[in-house]
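Peer 1: Residue numbers (the working numbering), protein chains in the order written: chain P, 967 to 1535; chain R, 341 to 857.
The beta-carbon is built from N, C-alpha and C at its ideal position, and this holds for glycine as well.
Can you read through this structure? Questions will come right after.
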Amino acid sequence: MNNFGNRFPLWGIIVLLLLTTFSSCVKDSYDLGKGIDMTLQLGGDSLYLPLGSTETFTLQSLLGEDMLNGVLKVNGQGVYVLAPEGQETSLAMHPLDADDFSIDNVAVDTFFVLPAEMPGQQKVAMRCPIENEIRLDFHFDNIPESILALEEFTFSHTTLNISFLIADGPEDISSMKPDFHILIPDEFVVDAAQVDDRNRIHVTEFNQPSGYVASLPLKRIIREETPEVADRCIDFFSTVRFEGYIGVESVDMTIHENLQVTVRCEVDRIEPLSISGKFNLDVEPQEMEFAFGMVPEALKGSDVVLDFADPHIHLQLETDVDIALNARLDIRPLSATGEISELRQVLDIEIPAVSDGTSEKLNYWLAGSTQSMPEGYIFIPTDLAGIIRQLPDKIGMQVYTSVDTGFMQTIHFGKDYSLQADMRPEIPLIFGPDLSLSFCDTLTGLPDALAGHLAGNSFCIYGDVYSKFPLDFYMQLEALDEKAELIPLSVSPLQRVAAGRDEQEKVSHVEFQLADPERVLDTRKFSALRISCRAASDAASAGVPVTEAASFRAVLKLKVSGGLIVEAN
Amino acid sequence: MILFFLLEGSSFTLNRAAGVEYFQPGYAYRHRFNPAFVPQWGYMGMPGIGNLNVSMASTMGLSDFLYPLENGKLGTFMHPEVSADAFLKNIRKKNNLSVGFDIDVLSAGWFWGRAFWSFDISAKGGMQMSIPYGLFEFVKKEMTANPSRYHIKDLRVDALAYMEVALGHSRSLNEEITVGGKLKFLVGTQMEMRVNRMDISLGDEAWTVSSDADFRVFGRLVETSANDAYFPDFRIGDVAPSGYGIAFDLGMEYKPLFLPGLRFSAAVTDLGFLYYGKNGMKAYKAAGNVLFDGFEQIGMDMDLQEEVNGLVEDMKSMLAWEEIPVLKEMVRMVNPTLNFGVEYGFWGNRFSLGLLNTTTFYPSHVQSELSLIANIHPARWFSLSFSYAFIGHREGFGWAFNITPKWGLNLFVASNYTPLQVNPQWIPLKRAHAHVQVGLTIPLGNNRAYLYDKEPDDVNAFPYSFRYPDDHKNRYEPYGYGGSGWNEEEVEVEEEVEEEEEEESADSTEGNPSNPQ
């Protein structure tokens, strides 16, 4: 017993126990000292997550109130329109004054003789024929260059004075019985009551002791032949003719000698009230500009084709001009680098004369078609869509106003005219089939769990898009690295969101997948997501306006194949 | 969190199951496994450390949660290299974790008359958790289909702490049968949480979680605070005991005469209950549904953080515990344990082999194991045991030794579980079990085995005889022994024995003069 105890000393037994205890198999592969890789796969084989539904996006919610307070507006029909701030311009005209003319009075005298005897007649009943004429020569010089032709003058206080005086005639002039006509030239328009319908004065008795005197208010002079102004001068003449007889009826009266008759014609106080003719008035050109400053950037891209279906400019003219005018609109798109001359368009507008003393408003519709033109407008064919096929920074417009020289017109001297123009472009968001509008946005600040650990995996955002937009959208997602450079991941092709209608929502299923089978993301960090979108229209959706009711919303889901790989360290 | 709880958490099983020390004759507290057992000595436990037990048991181990990766490191079971099948094949239908402690405050055992008596005041506590397979499956697999559905039920957490005052008694009925019993008075508190149902559906249409859970605190909440809107806020110190109860240990040992050295034993311990009155309980219920079918109104102005916060609030609301009235008193079982043992001693009882089955009934699960135990008694003052548990939730070696010098303190150290496979940090790979038991007692009286070796024909309550191992009769003698009733012959014999003991001690400490033995 004692020996047995000696063979098993206490400490030896304890050591044996310890050896037994610690002789268990130690597995180095589970050495915590090597560190624990805290890479976690969350979500299992495929993480599905309902992302939820987006708000209902309208153009207003996408662009913001500021944008709507700018160029983009909603018209009365609820249609979105690009409507740059309208411009008004006023043109004051003061074409001519009477002082612009230098016209001298015209007076011409002539003489003829009444013979004492007439062959074959008795002296107590003699009839002396009168046949004479007076030529009035007019000469106007220093005519303003703007007057190309003059056809008619209108006068206010001008008189045509005619005198027929017999020198040394009988004491009783009543014994002389005149019977002749004074033929006023047709160019002269006098008071109709003083002439007959053939513009003649029939003189049957003398109104003066020595003869006959007439003073006729000269209203107009009309000269239809050779009205053109040459060298700022006009020369013309008119002839006043005297035709008839003067009879001597008293038997006691004996004419012993020939009588001298003095005939005088005078145009006095030539003060033109208006003139008719052709004019080339010098009117200063008017400049107008319409800026598209605050429009969505997406509309300004270089690869954008804005096939607007019905852009138009509403031009209203308020005029009191009683002469017909021509306006030439020189429309030029302007970019930051200057004028885009190849898209320049020149439009001619006729502005009819209004009645003297009135004012009228004239409405013009500058558009490609009359499809939306209201009543009462004058259509001016304009390829406005061509000008804004790529939206310029501005549209510049020069207005050259001129008087229509195609016919004679009347200008009243000293009169002021005004011509006010109000021009409002309106470009409804109605697109044709050639629309191609690309834009993109970048989502940054992606959760690390999603963005940073997709190496070798893929994720897919999918769901249904409900669209009332009358446009097709083609969308794609792409991954960007920290330098905003494209990471060559495998992405799904363009996804189409089909066009809908205000009254008919269209549902499109979309799947945006990004996969990294080549493990590119091992070396590049997925930092941002670029959403590329191209809006287009086709034959079916072309011509449908984008209204306030146009909207889309999406119900989206997320699938992360392979789950989320998270570093929990 | 569960992983770290399992690997790093120090938790304790309430009822320390019998193990390697079951057949240790020198272990003073054997009567705790079977009240019919009596120790080699009368004893008095050192206050606080007379018998100190801490233990942890789990059906899961480190290798269930960490896996070697291709890069040489370890990865968690959530690592993408670890397939769901590889992880889940190690997960059971119910995965249990039990932790606990058992501390003797005051204890003593003595022989009196024809019986052995014991008295204990001890503190016991522990927690059990039962995690269903579905929870692990959900955590690992999450989404393998669209939708993926999980129905998790019976996630339970129980905790119990109580003071026990026990009085035990053991006596031999005849030469073959010894019986014993123990009466325990209990004062305790308890907590139990039941996640009755958690239905989870994950798909691209919606994520839904529906749950129903109960939470009960069997104790008077001395202080409560409503700071947390979701969970009743109280601290351990705020919960005062409110349960009172009794428990019994019953056991027997059968030593058939036809084959000396063969011993059968059976016992049930902690068969009892704690009673909680209505006023001593708080009950809460959390039931709700959380539906996440995506964010609403995703847009440019959306505050994602606010949306996420709202979702988190919804999730929290599912865990909002609403106090419900306690309608009736409740009685809770104390976790009873069944121990069945058979031992055969040979070679003069210097060696014995035993087979032990121990089964503990926890609220959340039943834990049973079968162990083969080898015992070596090289000297009267020393014994050594080894065990191997081969059927049950823990597999591995256990060991125990007991030292009882003639004069001095009795030291007992044991570990019921020494894992077979560990990592370099000595963390069990397969099933995380840990158990440490230290006992320090003051022996009272003489070594019963030694004493009756001198009188082999006398009554010997202790089964072992080192002097006459082959013909020891284990004979019943109703008047043969007693703590204070020894006759003069016994005393003389005892003196001779002491002389022999001293000789043995001198032999064993030869070459080490500083050793008092």
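Count the other C-beta atoms from every protein chain shown that fall within 10 angstroms of the C-beta of Asp797 of chain R, then say buried if there are 16 or more, exposed otherwise.
Peer 2: Only weak support exists for where Asp797 of chain R lies, its pLDDT of 43 falling under 50; the value from the coordinates is given anyway. That one is exposed.
Peer 1: Using DSSP with H/G/I as helix, E/B as strand and the rest coil, what is Arg1235 of chain P?
Peer 2: Residue state, collapsed to three classes: coil.
Peer 1: So with Cβ pairs under 8 angstroms, would you call Ala1516 of chain P a contact of chain R?
Peer 2: So, not an interface residue.
Peer 1: Counting contacts by CB-CB distance shorter than 8 angstroms, is Leu749 of chain R in contact with chain P?
Peer 2: Not one chain P Cβ lies under 8 angstroms of Leu749 of chain R.
Peer 1: Would you grab the beta carbon distance between Gly601 of chain R and Phe686 of chain R for me? Rounded to a whole angstrom, and I think it's under 8 angstroms.
Peer 2: Correct: roughly 6 angstroms between the Cβ atoms.
Peer 1: For Glu830 of chain R, count neighbouring Cβ atoms within 10 angstroms of its own Cβ and tell me buried if that reaches 16, exposed if not.
Peer 2: Residue placement at Glu830 of chain R cannot be trusted, given a pLDDT of 41 that sits under 50; what the coordinates show is reported in the next sentence. Its Cβ being crowded by 16 or more others within 10 Å, Glu830 of chain R is buried.
Peer 1: Please report how far the alpha carbon of Asp1070 of chain P lies from the alpha carbon of Phe1119 of chain P, in whole angstroms.
Peer 2: Cα-Cα distance, rounded: 14 angstroms.
Peer 1: Does the structure place the stretch 1391 to 1407 of chain P close enough to the stretch 1503 to 1511 of chain P that three or more beta carbon pairs sit under 8 angstroms?
Peer 2: Touching, yes.
Peer 1: From what residue to what residue does the beta strand (DSSP E) around Val666 of chain R run?
Peer 2: Looking at the DSSP string, Val666 of chain R is not in any beta strand (DSSP E), and its letter there is neither H nor E.
Peer 1: Please list the terminal residues of the continuous beta strand (DSSP E) segment that includes Asp1314 of chain P.
Peer 2: First-last of the beta strand (DSSP E) with Asp1314 of chain P: 1311 to 1317.
Peer 1: Is any beta-carbon of chain P found at less than 8 angstroms from that of Glu836 of chain R?
Peer 2: Reliability fails at Glu836 of chain R, whose pLDDT of 47 lies under 50, so the model's placement of it is uncertain and the value that follows must be treated cautiously. Judged by the 8 angstroms Cβ criterion, Glu836 of chain R is not in contact with chain P.
Peer 1: Over what stretch of residues does the alpha helix (DSSP H) that includes Glu477 of chain R continue unbroken?
Peer 2: Taken as a continuous stretch (DSSP letters only), the alpha helix (DSSP H) holding Glu477 of chain R covers 473 to 481.
Peer 1: For Glu1444 of chain P, does the three-state DSSP call read helix, strand or coil?
Peer 2: Strand, per DSSP.
Peer 1: Would you kindly check if the distance between the Cβ of Ile1377 of chain P and the Cβ of Ile1187 of chain P is under 8 angstroms?
Peer 2: No, these two residues do not count as a Cβ contact at 8 angstroms.
Peer 1: Measuring straight from C-alpha to C-alpha, what distance separates Leu1524 of chain P and Asn486 of chain R?
Peer 2: Near 12 angstroms, if we compare the C-alpha coordinates of Asn486 of chain R and Leu1524 of chain P.
Peer 1: Whole angstroms is fine: what's the gap from Phe691 of chain R's alpha carbon to Asn715 of chain R's?
Peer 2: Cα to Cα, the separation comes out at about 5 angstroms.
Peer 1: Pull up the DSSP beta-bridge partners for Met396 of chain R, would you.
Peer 2: Answer by DSSP bridge pairing, in chain order: R:Val439, R:Ala774.
Peer 1: Please find out if some non-hydrogen atom of the ligand ADP comes closer than 7 angstroms to the beta-carbon of Gln1461 of chain P.
Peer 2: For the structure depicted, the ligand ADP is absent and the ligand set is empty, with no information on it obtainable.
Peer 1: From the DSSP secondary-structure annotation, give me the bridge partner or partners of Ala1464 of chain P.
Peer 2: Its beta-bridge partners do not exist; DSSP assigns none.
Peer 1: Compute the Euclidean distance between the alpha carbons of Pro1483 of chain P and Cys1406 of chain P, then round it to the nearest angstrom.
Peer 2: Using only the alpha carbons, I get a separation of about 26 angstroms.
Peer 1: What is the DSSP secondary structure of Phe363 of chain R, reduced to helix, strand or coil?
Peer 2: It is helical.
Peer 1: Whose Cβ in chain P lies nearer than 8 angstroms to the Cβ of Ala729 of chain R?
Peer 2: None at all; the shortest Cβ gap to chain P is about 14 angstroms.
Peer 1: For a test of the three-state rule: what should DSSP assign to Asn649 of chain R, helix, strand or coil?
Peer 2: It is helical.
Peer 1: From what residue to what residue does the alpha helix (DSSP H) around Gly1352 of chain P run?
Peer 2: Start and end: 1350 to 1353.
Peer 1: Are there three or more Cβ pairs, one per stretch, closer than 8 angstroms when the stretch 1494 to 1510 of chain P is compared with the stretch 1460 to 1467 of chain P?
Peer 2: With the cut-off at 8 angstroms, the stretch 1494 to 1510 of chain P and the stretch 1460 to 1467 of chain P touch.
Peer 1: Taking the alpha carbon of Asn514 of chain R as the point to measure from, which residue in R:Ser723, R:Met592, R:Lys746 has its own alpha carbon closest?
Peer 2: That would be R:Met592, whose Cα lies nearest to the Cα of Asn514 of chain R.
Peer 1: Decide if the stretch 1201 to 1214 of chain P is in contact with the stretch 1102 to 1117 of chain P; the criterion is three or more beta carbon pairs, one per stretch, under 8 angstroms apart.
Peer 2: These segments touch.
Peer 1: Which chain R residues sit within Cβ distance under 7 angstroms of Gln1007 of chain P?
Peer 2: Neighbours of Gln1007 of chain P on chain R, chain order: Met418, His419, Pro420.
Peer 1: Could you give the first and the last residue of the continuous alpha helix (DSSP H) run that contains Phe427 of chain R?
Peer 2: Segment 424 to 428, the alpha helix (DSSP H) holding Phe427 of chain R.
Peer 1: Beta strand (DSSP E) containing Phe1478 of chain P: first to last residue?
Peer 2: Per DSSP, Phe1478 of chain P belongs to the beta strand (DSSP E) from 1472 to 1481.
Peer 1: Using a Cβ-Cβ cutoff of 9 angstroms, what residues of the stretch 433 to 461 of chain R are near chain P? List them in chain order.
Peer 2: Those residues of the stretch 433 to 461 of chain R that come within reach of chain P (Cβ to Cβ, closer than 9 angstroms) do not exist; the list is empty.
Peer 1: Between the C-alpha atoms of Ser403 of chain R and Arg771 of chain R, what's the straight-line distance to the nearest angstrom?
Peer 2: Between Ser403 of chain R and Arg771 of chain R, the C-alpha separation is close to 8 angstroms.
Peer 1: Where does Ile767 of chain R fall in DSSP's three states?
Peer 2: Ile767 of chain R falls in the coil class under three-state DSSP.
Peer 1: Label Ser723 of chain R either buried or exposed according to how many other C-beta atoms from any shown protein chain fall within 10 Å of its C-beta, with 16 as the threshold for buried.
Peer 2: Buried: at least 16 other Cβ atoms inside 10 Å.
Peer 1: If we count Cβ pairs, one from each stretch, closer than 8 angstroms, do we get three or more for the stretch 370 to 389 of chain R versus the stretch 444 to 458 of chain R?
Peer 2: The stretch 370 to 389 of chain R, when compared against the stretch 444 to 458 of chain R, does touch it at the 8 angstroms Cβ threshold.
Peer 1: Note down the Cα distance separating Lys746 of chain R from Phe451 of chain R, rounded to an integer number of angstroms.
Peer 2: Rounded to whole angstroms, Lys746 of chain R to Phe451 of chain R spans 18 angstroms at the Cα level.
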